[in-house]
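S.K.:
In our numbering, the protein residues as written are 586 to 669.
(1) Whole angstroms is fine: what's the gap from residue 619's alpha carbon to residue 646's?
(2) Using only CA atoms, which one of 628, 615, 596 lies nearest to residue 606?
(3) Rounded to the nearest angstrom, what separates residue 660 and residue 628 at their Cα positions?
(4) CB-CB under 8 Å to residue 593, same chain, minus the five flanking residues each way: which ones, in chain order?
(5) State the DSSP-derived secondary structure class of residue 621, mapped to helix, strand or coil.
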């Protein structure tokens, strides 16, 4: 995935993760989900974030779209329509 989302990448990238039942990948995925839940429970919410009007929670997808948009503007790239 790191190769697909490299610095300067302005085109939309679609990543597929293939998992096999009963594999180490399946266990790693469960561990990652547990860590994400812990992060959401303790780190995402904070007194400072709740008391600061500028603090917003941005999804990974929204953040990625914002970064790509900024890079396109910085590199003066005209976005091509994506096919879905």
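Cβ atoms here follow ideal geometry from the backbone N, Cα and C, with glycine treated the same way.
M.R.: Let's see:
(1) Here residue 619 is taken as the residue at index 34 of the chain shown, counted from 1. Here residue 646 is taken as the residue at index 61 of the chain shown, counted from 1. So the alpha carbons of these two residues sit roughly 20 Å apart.
(2) What you label residue 606 is simply residue 21 of the chain shown in a count that begins at 1. The residue with the shortest Cα to Cα distance from residue 606 is 615.
(3) Position 75 of the chain shown, counted from the first residue, corresponds to residue 660. Position 43 of the chain shown, counted from the first residue, corresponds to residue 628. Near 34 Å, if we compare the C-alpha coordinates of residue 628 and residue 660.
(4) For this step, residue 593 is matched to residue 8 along the chain shown. Cβ neighbours of residue 593 beyond the five flanking positions: 656, 660.
(5) Translated into the one-based positions of the chain shown, residue 621 becomes position 36. Helix.
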